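Going by our numbering, the sequence shown opens with residue 1, and the numbers climb by one from there. For reference, the structure discussed in these notes is given below.
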Amino acid sequence: MTTERLYFTDAYATEFSGKVLSVENQRVVLDRTAFYPTSGGQQFDTGVLGGVHVVDVIDDESGIVHVLESAAPMAQGSDVSGAVGWPRRFDHMQQHTGQHLLSALFEDLCGAATVSVHFGADSCTLDVNAESLSTAAVVRVEERANAVVAENRVVAVSFEDAASAAGLRKPSDRAGELRVVSIEGIDRSACGGTHVRATGEIGAVLVRKIEKYKKLSRVEFLCGSRATRQARSDFDALGNLAATLTAGIAELPRLVATQADAVRSLESERKKLTEALATFRARESYDAAMPDADGVRRVVVQSASADELRALALAVAALPRAAFIGTCDSPPTVMFAASDDSGVDAGAVLKPLLAEHGGRGGGNAKIAQGTVPDAAAIQAVARTLRGPPTGA
Ligand SMILES: [Zn+2]
């Protein structure tokens with residue numbers, strides 16, 4: 001004996017009673033239930049059975065298994081009453097009926113049949129058979145869907161023989177009795193899920209992201225209170241952004257594009273100025289440094305920024321018989337550069353030194369850099385680089 005599915009004939013029935021067919025710890029099977037088990041992509045219902053919370057509902061060969069939060073207090077053969085949590089159930093009904101409507105309209109208006117459906121806790125998606133969908137086409141589908149909602153068309157369930165059921169959107173490969181869900185004048189689909197009784201109850205239909213997925217288009221959609229909650233959160237995000245820029249929401253696209261341009265041009269200006277400043281600072285430090293015994297002037301700099309070190313290093317290395325030793329604490333970085341006529345190969349000198357102090361990095365003959373584990377290692381590497389060359 002399996003479980004009679006009350007939701008098949010009445011998706012609005014939430015309170016019911018049934019006889020316990022079997023009990024095993026937290027798992028209870030009844031002769032009838034209004035609880036929907038996870039199936040056909042739709043999530044299970046939650047609620048209360050015999051005073052205990054239902055945390056999962058599974059459709060298996062023994063019937064519909066209610067998984068309770070704690071050990072079931074009911075005995076086999078006893079009568080037990082249950083109540084399905086309505087907000088979650090109704091939300092699923094809205095998303096699921098909205099999906100039937102959108103699948104029908106994507107096929108009718110865009111020639112894109114639905115290949116698969118996913119109902120998620122936050123949003124739902126349809127994979128439709130179209131390599132791409134234009135924004136205009138998506139807007140057309142969304143507008144038509146909301147018009148059908150306003151028309152409040154009847155959504156009916158009927159049980160038909162698979163052999164004679166006509167006009168199904170997708171032929172069913174099942175034999176025997178089919179459960180057919182129809183949206184008046186729009187769609188007939190074989191489906192075992194829970195649906196609203198008229199399209200008005202779907203509420204707002206909002207189509208969001210369209211993504212390429214393999215050779216299909218993945219369409220994200222939200223119905224009912226999910227759609228209004230999302231629109232509210234989008235508005236809040238845009239409103240905060242607009243307030244930050246002391247502008248109206250309508251001005252944001254133009255304003256953000258203008259600001260992005262301005263940031264790019266300022267960044268390029270800043271780079272030029274950093275280089276110019278580095279040239280002056282390099283010259284100043286170079287003039288102040290005394291040549292070592294090998295005739296090379298060693299400029300030593302500590303900076304907060306690796307970018308600044310790099311600009312300085314290149315400027316010093318452009319001067320005659322010069323070497324540059326730069327350090328920066330965060331992240332612990334050492335930069336070493338040498339002019340072509342210094343007789344020093346920066347990369348060849350720095351690389352083994354870094355390895356010796358547990359760091360890594362490298363570079364070419366002119367400029368090299370690396371990171372070391374901590375400040376003490378930086379100082380040790382810098383000390384060696386500052387010292388007179390040993391046998392080089
Ligand atoms: Zn359905």
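The beta carbon of each residue, even a glycine, is placed where N, CA and C say it ideally should be. Only a predicted model underlies this, so the values are computations on that prediction, with no experimental measurement involved.
Taking a C-beta distance under 8 Å as the contact criterion, C223 and G98 qualify as a contact pair. Distances taken from the Cβ of V181 to the heavy atoms of ligand 1 include one shorter than 7 Å. Taking every protein chain shown into account, the CB of R229 has fewer than 16 other CB atoms within 10 angstroms, so this residue is exposed. In this structure, C191 has its CB closer than 7 Å to one or more heavy atoms of ligand 1. In chain order, Q26 and V52 place their CB closer than 7 Å to the CB of S70, counting only its own chain and leaving out the 5 sequence neighbours on each side.
Look at H195: its beta carbon is less than 7 Å from one of the heavy atoms in ligand 1. Every unbroken stretch of the alpha helix (DSSP H) spanning 4 or more residues and falling wholly within the stretch 227-290 is given here in chain order: 252-288. At least one heavy atom of ligand 1 is found less than 7 Å from the C-beta of H100. By the Cβ-count criterion, E107 is buried, with 16 or more other Cβ atoms from all chains shown falling within 10 Å of its own Cβ. Here P331 has T371 as same chain residues with Cβ atoms under 6 Å from its own Cβ, once five neighbours each way along the sequence are excluded.
Excluding its 5 nearest sequence neighbours in each direction, R386 has C-beta neighbours in its own chain below 8 Å: R298, V300 and I325, listed in chain order. In this structure, A346 keeps its C-beta atom at 8 Å or more from the C-beta atom of G359. A Cβ-Cβ contact shorter than 8 Å links V80 with G50. Secondary structure note for M335: its beta strand (DSSP E) is the uninterrupted segment T333 to A338. Rounded to whole angstroms, the Cβ separation of V57 and I64 is 6 Å, and the two are in contact under 8 Å. Proximity to A136 across A288, V154, L126 and R208 peaks at R208, based on C-alpha coordinates. Take T125, set aside five residues on each side of it, and the residues of its chain with a beta-carbon closer than 8 Å to its own are V117, H118, R218, V219, E220 and F221, in chain order. For K351, the enclosing alpha helix (DSSP H) starts and ends at A346 to E356. Ligand 1 approaches H96 closely enough that one of its heavy atoms is under 7 Å from the residue's Cβ. Contact annotation: the stretch 240-256 does not touch the stretch 287-297, with fewer than three C-beta pairs closer than 8 Å. For D187, no alpha helix (DSSP H) run applies; the uninterrupted beta strand (DSSP E) run containing it begins and ends at D187 to A190, by DSSP.
In this structure, A34 is the residue among C328, E269, A34 and V157 with its C-alpha nearest to the C-alpha of A83. In this structure, the beta-carbon distance from G41 to L30 does not fall below 8 Å.
The count of Cβ pairs closer than 8 Å, one atom from the stretch 85-97 and one from the stretch 200-207, reaches three, so the stretches are in contact. When secondary structure is reduced to three states using DSSP, G98 falls in the helix class.
In the three-state reduction of the DSSP assignment, G200 falls in the helix class.
With contacts defined by Cβ atoms closer than 8 Å, V139 and L105 do not form a contacting pair.
Per DSSP, reduced to three states, the secondary structure at L30 is strand. P87 sits exposed, since fewer than 16 C-beta atoms from the chains shown fall within 10 Å of its C-beta.
In the DSSP assignment, V316 falls within the unbroken alpha helix (DSSP H) covering A306 to A317. For a cut-off of 8 Å, the C-beta gap from L319 to A278 is around 12 Å, too long to register as a contact.
Listed in chain order, the beta strand (DSSP E) runs fully inside the stretch 35-120 are 47-49, 52-60, 63-68, 79-84 and 114-119, counting runs of at least 3 residues.
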